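Colleague: My questions will all concern the structure given below.
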Amino acid sequence: MSLKFTIEKKLSNNRGRAGRIETKNGVIETPAFIVVGTKATVKSLTPEQVKDLGAQAVLANTYHLYLQPGEEVMKKAGGLHKFMNWDGPTFTDSGGFQAFSLGAAFDNKVGKVAKGKDEIDESIFSPHSAMAKVDEDGVTFKSIIDGSSHRFTPERSMEIQHNIGADILFAFDECTSPHAPYEYQKEAMDRTHRWAKRSLEYHQKNRSSHQSIFGITQGGRHEDLRKESAKIIGAMDFDGFGIGGSFDKEDMHNAVGWVADELPEGKPRHLLGIGEPLDLILGIENGMDTFDCVAPTRIARNGAAYVGSGRINILNEQFGQDFSPIETGCACYACTHYTRAYISHLFRAKEILGATLLSIHNLYYIVNLVKRARVAILEGNFEKFKQGFLSL
RNA sequence: GCGUCGGUCGGUUAGCGGCUAUACCAGGAGACUGUAAAUCUCCGGCCUUCGGGCAUCGGUGGUUCGAGUCCACCCCGGCGCA
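Positions in the first sequence are counted from 1; adding 681 to them yields this note's numbering.
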């Protein structure tokens, strides 16, 4: 096993812990927010900017890099680190999320996090779309670039991930819709377990020495499924675990806790695709070590910035003549050099620097929120830290 | 002065006798959770008991069951000729 995980300190009254993941390409001090760089780039930022704002690792995507530029280019380039000039640990997601985003989510425009049980609507669920069809052996995708057909199986996803060459890989899974009925959640979960076994076996036979694999647990919003999945995946010989699938917003931290209790304590746990401030704090409290999420960079490109415990839309009329920083007191590059009025102007003028500056701020905000949680755990005042955040 | 083409939301514009007058941009607001996303949604004349109701296409008349659309005159603008 090429990855080393050590726990430095645990919360006395809850599941949270601080630790470190050591990879060939560097250390991740946990809990940590992993920045998403789907196509081997954190959108609108250079790797130096990503590093300077405090990020420790990036996560790219197998589906996207397979389509463009293709695994041969990734391999010839010497792997993801060299190709994108990222000096640090890297992850690749397996393409399993695209089974959802291009499948059940594609036609209905639904997210993986439902706002509450009242929002669940099984009538808008269908397991497939014209863009992604799941069967027992794998997923047939259409290319989002040119519509051509492509086939992912667990073995194929792992092969591509080996060629991309990240440090931490994810087993191929099926992410389902929060609107899927219980029966389908169970079906997708059972299939994900079979795929996990196949992913692991392929990986163990074919991996490069520096590469580790995380298995992904599923189970949607159902406690029995979540626990069952964590038990089964947790018993497999993975280097760490991803917690995937859909959630009830209000119940997410509970679901994460159910899973954490079943997973082996000595291996790292990554909460896939979760990254709103409160979700991060509750996730950490409930035993999650790493996170990734597109939200900080996506909402940045769309003009929103994290401040305090909420958000502002920089395009709002009131910021046009507001010459204060995005957030007073913030130490990020954007806040120490630019005003809301300037960034608002950049967005109105459709100048790309606006996206860059808000991305820097949002990533700094999120990365540092998680770092502060780590420090709080190490210093034994996590509860105070959490209450401080909640009172904002 | 004559001829000609045109005047529809802040701008550009569709509509060429019929039912709810288009679309894009600018403006206002909201959403975004393992990136289909520098994207998407909503608002934008007045009144409303939220079911709707009443307006509106430069102006005034007219033709017609019915006019942004056809006719007459007027106002304004572009172009051409004097």
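Beta carbons are placed, not taken as given, at the ideal position from N, Cα and C, and that holds for glycine.
In this text the structure is predicted, and so the values were computed from the model without any measurement.
In terms of DSSP beta bridges, what is F851 paired with?
Modeller: F895
Colleague: Put A1036 into one of helix, strand or coil per three-state DSSP.
Modeller: DSSP places A1036 in helix when its eight states are reduced to three.
Colleague: Between which residues of its own chain and T773 is the CB-CB distance below 6 Å, once the five residues before and five after are set aside?
Modeller: A741, T743, Q842, I845, A847, L850
Colleague: From which residue to which residue does the beta strand (DSSP E) around N994 run?
Modeller: 991–994
Colleague: Which two residues bound the contiguous alpha helix (DSSP H) that contains T1017?
Modeller: 1014–1018
Colleague: Look at the alpha carbon of G776 and the alpha carbon of K1067, and state the distance between them as a whole number of angstroms.
Modeller: 34 Å
Colleague: Assuming contact is defined by CB atoms lying nearer than 9 Å, are E1008 and G984 in contact in what I supplied?
Modeller: Not in contact: E1008 and G984 (Cβ atoms no closer than 9 Å).
Colleague: Let me check understanding here. Comparing Cα to Cα, which of E710, N887, H1042, N706 lies closest to F686?
Modeller: E710
Colleague: Per the DSSP calculation, C974 is bridged to which residue(s)?
Modeller: The bridge partners DSSP lists for C974 are V716.
Colleague: Determine the extent of the beta strand (DSSP E) in which K823 is found, giving its start and end residues.
Modeller: 820–823
Colleague: With distances taken from CA atoms, which of L726, A736, A721 is nearest E752?
Modeller: Put simply, of L726, A736, A721 the residue whose alpha carbon is nearest the alpha carbon of E752 is A721.
Colleague: Count the C-beta pairs between the region 893–903 and the region 864–881 that are closer than 8 Å, then say yes if the count reaches three, no if not.
Modeller: yes
Colleague: Enumerate in chain order the residues of its own chain whose CB-to-CB distance from I960 is below 7 Å, with the five nearest sequence positions on each side excluded.
Modeller: Checking the sequence shown, residue 960 turns out to be Asp, not Ile. Sequence-distant partners of D960 (beyond 5 residues in either direction) whose C-beta falls short of 7 Å from its own C-beta, in its chain, are M933.
Colleague: Since A785 and S693 are thought to touch, with beta carbons under 8 Å apart, how far apart are those beta carbons, to the nearest angstrom?
Modeller: 41 Å between Cβ atoms; not a contact.
Colleague: For the region 732–740 against the region 823–843, do three or more pairs of beta-carbon atoms, one drawn from each stretch, fall closer than 8 Å, so that the two count as touching?
Modeller: no
Colleague: Which residue from Y1046, D854, E1064 puts its Cα closest to that of F781?
Modeller: D854
Colleague: Is it buried or exposed for Q892, if we count other Cβ within 10 angstroms and need 16 for buried?
Modeller: buried
Colleague: Would a C-beta distance cut-off of 9 Å place A936 and R907 closer than the cut-off?
Modeller: Taking 9 Å as the Cβ cut-off, A936 and R907 qualify as a contacting pair.
Colleague: May I ask which residues mark the beginning and end of the beta strand (DSSP E) holding E710?
Modeller: 707–711
Colleague: Would you check if there are 3 or more beta carbon pairs closer than 8 Å linking the region 754–769 to the region 1040–1058?
Modeller: no
Colleague: What three-state label does DSSP hand L726 in the structure shown?
Modeller: Three-state DSSP puts L726 in coil, outside helix and strand.
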